Amino acid sequence: MQLSQRAELYLKSLELIPQQYDAASERARDVAVTAGAGSGKTRTLVARYLSLLADGIAPDALAAITFTEKAAREMRARVRKEIRGLVLKNDSPSERSFWQALERRMDAARIGTIHALCAEMLRAHPAEAAIDPQFQVLEEGLAAIARADAVDAALAAAALDLSMNPLLRAFSTRNLTTLLTQMLNKRLDVQDWLDTDFQIQTLLTAQLRIFFENQQILSIEADLACMDAAAISQDTTEKGVEQILAFRSGLTLLHSVFFSGDAVATCQQLQTLRTTTLGRLVGGKNSRTKEMLQEWRDTYDQCFAWLGKTAILPDVEIEINAILPLIQQCFRTAQKNYHQILKNQQALDFDDLERGAVQLLSLAHIRTHWQNQVQALLVDEFQDTNQRQRSIVEALTAAQPGKLFVVGDARQSIYRFRGADVAVFRSVQTDISTRGGLLLDLNLTFRSHPALLSGMGDLLAPIMGIKDDPQRPFQVPFTSLNASRTDALTGVQAPYVEILLGAGEDAVKGREISASLLAARLRTLKENGEIKAWQDVSLLLHASTAFGIYEDALETAGIPYVTVAGSGFYERPEIRDILNLLRALADPWDDLAMVGLLRSPAVGMSDPGITLLRWPDPKSAAISLHLALSRDLTHLSLPDQRAAQRAHELFAALATLVGRIPVAEVLQRLAGFSLYRAILAAAPQRTWRNLEKLLQDAYASGLYSVHAYLEYLGRVREVGAREGEAPGEAEEAVQLMTIHKSKGLEFPFVVLADAGRMERWRAGRWLLLPGNGAAFKTDQPEYETLLLRLLRQQDQEREAAENKRLLYVALTRAKEKLIVSGHLSPSYGKYHAEGWLKELLTTLDLNAETLPLEPPTQPLHLQGGQTLQIQVTTSQSSLPFQPLPQKISEIVQPSPWVEAIWEEKQQAAPPIESVELTSLLPDPHQPAAQSTTGKLLHSVLQTWHFPEPDEQEVLLRAALELGLVDDVPRRTAVEKVQVYLQRLQRHPLYSEISQADQRHHEVPYEVEDEPLNDRGRLDILYHTPQGWKIVDFKTDRLDSLQKLDSERRATYRNQLQRYIQAVQTQLGVTPTAQICFLDVNGRLELMDWQTL
1 MQLSQRAELY LKSLELIPQQ YDAASERARD VAVTAGAGSG KTRTLVARYL SLLADGIAPD
61 ALAAITFTEK AAREMRARVR KEIRGLVLKN DSPSERSFWQ ALERRMDAAR IGTIHALCAE
121 MLRAHPAEAA IDPQFQVLEE GLAAIARADA VDAALAAAAL DLSMNPLLRA FSTRNLTTLL
181 TQMLNKRLDV QDWLDTDFQI QTLLTAQLRI FFENQQILSI EADLACMDAA AISQDTTEKG
241 VEQILAFRSG LTLLHSVFFS GDAVATCQQL QTLRTTTLGR LVGGKNSRTK EMLQEWRDTY
301 DQCFAWLGKT AILPDVEIEI NAILPLIQQC FRTAQKNYHQ ILKNQQALDF DDLERGAVQL
361 LSLAHIRTHW QNQVQALLVD EFQDTNQRQR SIVEALTAAQ PGKLFVVGDA RQSIYRFRGA
421 DVAVFRSVQT DISTRGGLLL DLNLTFRSHP ALLSGMGDLL APIMGIKDDP QRPFQVPFTS
481 LNASRTDALT GVQAPYVEIL LGAGEDAVKG REISASLLAA RLRTLKENGE IKAWQDVSLL
541 LHASTAFGIY EDALETAGIP YVTVAGSGFY ERPEIRDILN LLRALADPWD DLAMVGLLRS
601 PAVGMSDPGI TLLRWPDPKS AAISLHLALS RDLTHLSLPD QRAAQRAHEL FAALATLVGR
661 IPVAEVLQRL AGFSLYRAIL AAAPQRTWRN LEKLLQDAYA SGLYSVHAYL EYLGRVREVG
721 AREGEAPGEA EEAVQLMTIH KSKGLEFPFV VLADAGRMER WRAGRWLLLP GNGAAFKTDQ
781 PEYETLLLRL LRQQDQEREA AENKRLLYVA LTRAKEKLIV SGHLSPSYGK YHAEGWLKEL
841 LTTLDLNAET LPLEPPTQPL HLQGGQTLQI QVTTSQSSLP FQPLPQKISE IVQPSPWVEA
901 IWEEKQQAAP PIESVELTSL LPDPHQPAAQ STTGKLLHSV LQTWHFPEPD EQEVLLRAAL
961 ELGLVDDVPR RTAVEKVQVY LQRLQRHPLY SEISQADQRH HEVPYEVEDE PLNDRGRLDI
1021 LYHTPQGWKI VDFKTDRLDS LQKLDSERRA TYRNQLQRYI QAVQTQLGVT PTAQICFLDV
1081 NGRLELMDWQ TL
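Numbered as in this note's numbering, the sequence shown ends at 1092 without a single skipped number.
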């Protein structure tokens, strides 16, 4: 195929840079493009796609594969836009007609995910694939349920099979369930492993051979063998001579065992030689033999660190490996069950699509058919593919040069947890180059300016490395990009890279300080004009667990924000729960929705209770859960009976409203009747805000039909914005998101937030590395096999490499300025850093121990000529209060708009006789409200600033921030707290604490005494002339102290004893300790810990 004149004219009209033009115009050779961050990858991809259409390839013969359905929609929309533009701007009738004809045919365009293409193949050949052509693709959540059911059935069968007893003794039921579930999650990789004649001896021997054939090892052993006794004695001390002789003897035995072919025994002898003979090197200071032993030991440590120090037990290895066939048998049963479940549902999962396509394309006539169907294939984000997907691509394009075009960036491969293998892309690049294809590097970025690129490069190059390692294709070295522009945006000032560090007494406090420092810095940048609008700023985090800390800091600083979570707003647990309630109301005969309702915190029925409700008589068929609620419930436990009654009352009160009033009102009454706001008030984060936002969005939709509303949510769920914790319009706010979510995006100001997050390697009981085998850890015996140790080390190497690529992706989202926000925390009295922050500080040759005490006073000079600013603080930034923008305030405040809904819609709504509005009010005595009362009280005690009676608004606002949205329970809680505070102020204890010469509130402590390791905070520690005293405040309602039950007495006594022990450890003194009960029949009473 040659580039047509029409295609050439089109490409020249785009004003592409030379590399982009070459990528889009090449026709005779396959093309692999490395597209750096911000290098115009999508523009190049679309240009090639349009030019192929211009060559005359029909839309249904041109396949473009994207990584996600969202990317497919975006590419389709962009192609349509380009074609529409060509239709409008062409004066030639023939050209306009050509593009108009293509525009009409774009509905048939093959632009989609690899799984969409696989599904199309399978539906086209149902007989050969042995499937129903009307199959549905099972949603991942339903697939997970099916896998769980398949595993349960497999375990039930194993329990009845006597031959499975060794397996059931080796694993607890829980761990065996987890093992089989993980195997099903990777069932295609597991099947490849099962189909391979895998031998552990072969793998271990290969590892041993690398060591024994190491030239340095061979040289050391040869030199030592040649030395006679006199030479050794002359070189080292007497003990050194003994060590050398023992080592040579051990080497002789080691080589003998190795050549016998017993790899396990060889590893055992190696470990013994290292830990016993060379555990501590002795000899003269300048001894050459000692130096040789050191070199041998260092090489061992590099090659065999995975052996660890745990003794190798060959007999146990044999015992555990004997269980392997039973695991394989049980897995095959689970897999068979899973296949049957899918068959019954006429469904396939994503693995089925890939496997089915591979099998179809292995048939010559089908492969030829699809090679003719697909005349050109474009694959985006190829760095995130796996080996099966590669085989599909290659089967479609084999022996047809110029047909394949792949684009990706190995530096941005960050989806290993989804099965992506960066080595696939690198291998395909090599193959294309070997067969004469074209490799292109788009290294001109249109995103970042030169100074920022230089600064980022100085940080990334030492961390990622700059040299390729052929033995480790998963380790992708750093390569720099060139900037297409010359300067930063007007107003943005150097330094363009900043590091903001918070140092605290522990990791939590350090994070809070670092987040506060960041918020203050962002405020400053906004005030001095560098940040033009808040939407120019994005906080990128490795994990969503730290979202809350940064959200709190931004809110305190009056900075609007929106949190974009990978799981999305509608995947939040509190939103799923309330929507499950809504689904069940809309269709009570949907048992899946009913299970969600019964399990929700609003009802709280146990799983056994749900099972008994559905199967009240084991000899009879199951009955509808909704029907069961109105029948006899006496066979349930009392808690489950009460839960069933709550569910029945909920339906009686609200089911008749569905379809008669707007969905927003149904949700509002549902939230009120179920006390869901009160339930959420006790949650550690302000999840009630998400509920408020859901109600706002429902009102904005204006829908009456619940089914239509749920369908609407299905469409908007892909957006993934947790707007309940931020303004409704993302363009007015700072964005918080995970780094994975930021892939493909760019922002003027990027903050790498929570950079000090400690990396936690997975330490599961089962591990599979495609091509390297699988291993597991039993409960009995509790032992890690050699294979598991080796695979874990290899897995951690791959995880570490991807972690570096994730850092690269985060930093390269920045257009103008990069800020790193992280924390330092003490360990054994010294500050230290973790995670990326540790690597960055090491790169900058900075000592985390001394940074809080001696922070740099001037910007650091980087190797590339740029500067880097570091700011360190040990206290939270004090920011003047600024009210949040109106849209934030609407979310923070309770929902006055709900009252407006009621007033506006009450006239239109049909009369409702079955609902008493008083039943919709939250109960102020609910545990959630009482929990918030305790939190509110402790927040006042922590500051020791007691609001005056006329300052109730202060407490009301604080209660609102703690999650008490509804007015009645909020005011009740505030009134209780005011009573407690007044009671305390009238007591002599208040004066004693106030007059103490030292007073500490919410004191963190840690007691390390296995197995009761304990950490927490004690309420007040203060010093008087009589010594140190501890007071812990309780709001328990008691008639008298004598009625304090023995269980609580023991709990409180142990609690105070832990406090005393902590103070003894940290201060070296023994304090007295008391419980201050604030509500003993309307009085305050004290009780010493000895009398509890």
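Glycine included, every Cβ here is placed at the ideal spot set by N, Cα and C. Quick caveat: nothing in here was measured; it's all calculated off a predicted structure.
Closest to residue i by C-alpha separation, out of the options, would be which residue?
{"i": "Glu948", "options": "Gln978, Leu1086, Gly934", "result": "Gln978"}
{"i": "Lys1029", "options": "Pro969, Glu992, Ser413, Gln1042", "result": "Glu992"}
{"i": "Ala671", "options": "Ile623, Trp615, Pro601", "result": "Pro601"}
{"i": "Phe446", "options": "Leu459, Arg485, Gly85", "result": "Arg485"}
{"i": "Asp1039", "options": "Gly1082, Ala652, Ala833, Gln345", "result": "Gly1082"}
{"i": "Glu1093", "options": "Leu377, Val31, Arg6", "result": "The question about residue 1093 has no answer here: the residues shown for the chain are numbered 1 through 1092."}
{"i": "Val379", "options": "Asn214, Pro588, Leu203, Phe67", "result": "Phe67"}
{"i": "Pro461", "options": "Ser25, Arg411, Gly240", "result": "The sequence shown places Ala at residue 461, rather than the Pro named in the question. Comparing Cα-Cα distances from Ala461 to each of Ser25, Arg411, Gly240, the minimum goes to Arg411."}
{"i": "Leu651", "options": "Leu459, Asp228, Ala628, Gly934", "result": "According to the sequence as given, residue 651 is Phe; it is not Leu. Of the candidates Leu459, Asp228, Ala628, Gly934, the one whose C-alpha sits nearest the C-alpha of Phe651 is Ala628."}
{"i": "Thr545", "options": "Ile739, Arg355, Leu363", "result": "Ile739"}
{"i": "Leu786", "options": "Thr266, Ala158, Ile17", "result": "Thr266"}
Go through its chain and collect everything with a Cβ distance to residue i's Cβ below 6 Å, but skip five positions before and after it.
{"i": "Phe1077", "result": "Lys1034, Glu1085"}
{"i": "Arg757", "result": "His542, Gly835"}
{"i": "Ala71", "result": "none"}
{"i": "Arg999", "result": "Tyr1022"}
{"i": "Gly114", "result": "Checking the displayed sequence, the identity of residue 114 turns out to be Ile instead of Gly. Within the same chain, Ile114 has close Cβ partners Ile65, Gln389."}
{"i": "Arg523", "result": "Ala557"}
{"i": "His938", "result": "none"}
Just verifying my parser: in three-state terms, what is the DSSP assignment at residue i?
{"i": "Asn528", "result": "coil"}
{"i": "His945", "result": "coil"}
{"i": "Lys467", "result": "coil"}
{"i": "Gly250", "result": "helix"}
{"i": "Trp767", "result": "A small correction: the amino acid at residue 767 is Leu; Trp does not occupy that position in the sequence shown. Reduced to three states, the DSSP call for Leu767 is strand."}
{"i": "Ala28", "result": "coil"}
{"i": "Trp761", "result": "coil"}
{"i": "Ser914", "result": "Its pLDDT being 34, under 50, Ser914 is placed unreliably by the model, and the measurement read from it follows with that caveat. In this structure, Ser914 counts as coil in the three-state DSSP scheme."}
{"i": "Ile327", "result": "helix"}
{"i": "Ile65", "result": "strand"}
{"i": "His365", "result": "helix"}
{"i": "Gln871", "result": "strand"}
{"i": "Arg435", "result": "coil"}
{"i": "Ser413", "result": "coil"}
{"i": "Leu11", "result": "helix"}
{"i": "Thr778", "result": "strand"}
Pull up the CB-CB distance for residue i and residue j, whole angstroms please, since I reckon it's below 8 Å.
{"i": "Val820", "j": "Leu752", "result": "5 Å"}
{"i": "Thr44", "j": "Val33", "result": "7 Å"}
{"i": "Phe212", "j": "Phe171", "result": "About 36 Å; that fails the 8 Å criterion."}
{"i": "Asp1032", "j": "Leu1018", "result": "6 Å"}
{"i": "Leu768", "j": "Lys186", "result": "6 Å"}
{"i": "Pro401", "j": "Ala28", "result": "6 Å"}
Look up residue i in the DSSP assignment and give the residues it is bridged to.
{"i": "Asn482", "result": "Leu444"}
{"i": "Glu1085", "result": "Phe1077"}
{"i": "Asp1032", "result": "Ile1075"}
{"i": "His1023", "result": "Gln998, Trp1028"}
{"i": "Val734", "result": "Tyr561"}
{"i": "Pro826", "result": "Tyr831"}
Looking only at its chain, what residues have a beta carbon closer than 8 Å to the beta carbon of residue i, apart from the 5 residues adjacent to it on each side?
{"i": "Gln796", "result": "Trp761"}
Sorted by chain position, which residues of the same chain lie with C-beta nearer than 7 Å to residue i's C-beta, five sequence neighbours on each side aside?
{"i": "Gln271", "result": "Leu307, Ile312"}
{"i": "Gln100", "result": "Val87"}
{"i": "Glu904", "result": "Caution applies to Glu904, whose pLDDT of 35 falls short of 50 and renders its modelled position unreliable; the value that the coordinates give is listed next. Result list for Glu904: empty, nothing under 7 Å."}
{"i": "Pro859", "result": "Pro495, Thr867, Leu868, Gln869"}
Does at least one heavy atom of the ligand ADP sit under 8 Å from the Cβ of residue i?
{"i": "Gln412", "result": "Of the ligands one can find in the structure shown there are none, so the ligand ADP has no counterpart to examine."}
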